[in-house]
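Report on the following structure.
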């Protein structure tokens, strides 16, 4: 509804878009994408790394050592 009203009631904007504005928008989009990838890095890594079966852990103290 908001989109329809904004199209119906649009007015001319006499503004100038600086060429640097496009670069700023590109930088903002890249920053958002990098933030998302950084946040989801463990999930993304799990897609490419195969899980290895768990091995039993060795005893922490060897029986022949003196304490």
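In the working numbering, the protein residues as written are 75 to 141.
Cβ atoms here follow ideal geometry from the backbone N, Cα and C, with glycine treated the same way.
* To do: Whole angstroms is fine: what's the gap from residue 82's alpha carbon to residue 108's?
  => 37 Å
* Through-space distance from residue 97 to residue 90, alpha-carbon basis -> 15 Å
* To do: Let me know the secondary structure DSSP gives residue 86 once reduced to three states.
  => coil
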